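In the working numbering, the protein residues as written are 6 to 201.
Structure first, commentary second.
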């Protein structure tokens, strides 16, 4: 995975010495000096390369892993050696000694910039669509192939007399007052879907 470019760096924290040893990819991803990363630098120096907004949650995740000897996962932004902001998914695990004292903390960095940007674009499009649908004066809704309500505008909610949380991700049988009516609607939906 490292050689194929799926990995944006690896590190090992010597907990007792407070030294993070990172490979060349780690150094470039964090915009740090390769020789310093290879020799080992204090954890604070590596963490200081993380975007200030993301730093508190990363520090909290690191501290939790160090306290429990457990796994570590964090997603955050860094500015790489080229000055480009990247989104990183960091995964690691604290190794404990026989006495339960944390010794090593190895981990891997995965560049998830494309994924984060795609999710942000999807969320923006979804927000625009939801605003548009909610502004339509009539009844607008969408159901999944399983008959569960995926979206419903204000007109739909007024028709059902239910708040959004009682309708979304539910079938007609779960939110309509009359089970017989719900069954007729669901059967009709299935007939329509089965014919494309």
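The C-beta atom is built at its ideal place from N, Cα and C for all residues, glycine as well.
This one's a predicted model, so the numbers in the text were calculated from it and none came from an experiment.
Continuous beta strand (DSSP E) stretch holding residue i: start and end
i           : result
residue 156 : 154-157
residue 20  : It is not in any beta strand (DSSP E) - residue 20 carries neither H nor E in the DSSP assignment.
residue 148 : 146-148
C-beta contact flag for residue i and residue j at 7 angstroms
i           : j           : result
residue 114 : residue 36  : no
residue 117 : residue 107 : no
residue 41  : residue 29  : no
residue 149 : residue 176 : no
residue 158 : residue 139 : yes
residue 94  : residue 80  : yes
residue 85  : residue 34  : yes
residue 187 : residue 197 : no
Where residue i falls, given that 16 or more other Cβ within 10 Å makes a residue buried
i           : result
residue 83  : buried
residue 141 : exposed
residue 200 : exposed
residue 112 : buried
residue 137 : exposed
residue 154 : buried
residue 32  : buried
residue 133 : exposed
residue 58  : exposed
residue 27  : buried
Other residues of its chain near residue i: CB distance less than 7 angstroms, five sequence neighbours each side excluded
i           : result
residue 143 : 160
residue 25  : 16, 18, 45, 46, 48, 51
residue 171 : 180
residue 145 : 138, 158, 160, 161
Element boundaries [alpha helix (DSSP H), containing residue i]
i           : result
residue 184 : 184-199
residue 120 : 118-140
residue 179 : 177-180
Neighbourhood of residue i by C-beta, 6 angstroms cutoff - its chain only, sequence neighbours within 5 removed
i           : result
residue 77  : 66, 70, 97
residue 174 : 153
residue 129 : none
Own chain, CB closer than 8 angstroms to residue i, minus 5 neighbours either side, in chain order
i          : result
residue 73 : 99
residue 62 : 79, 81
residue 91 : 13, 34, 82, 83, 84, 85, 116, 118
residue 54 : 35, 36, 37, 83, 84
Residue i CB to nearest heavy atom of the ligand MN below 6 angstroms
i           : result
residue 156 : As presented, the structure is devoid of all ligands, the ligand MN included, so that no description of it is given.
Could I get the ranges of all uninterrupted alpha helix (DSSP H) runs contained in the stretch 24-98, with 4 residues as the minimum, in chain order?
Inside the stretch 24-98, DSSP marks whole alpha helix (DSSP H) runs of 4 or more residues at positions 29-35, 39-44, 48-52, 60-73, from first to last along the chain.
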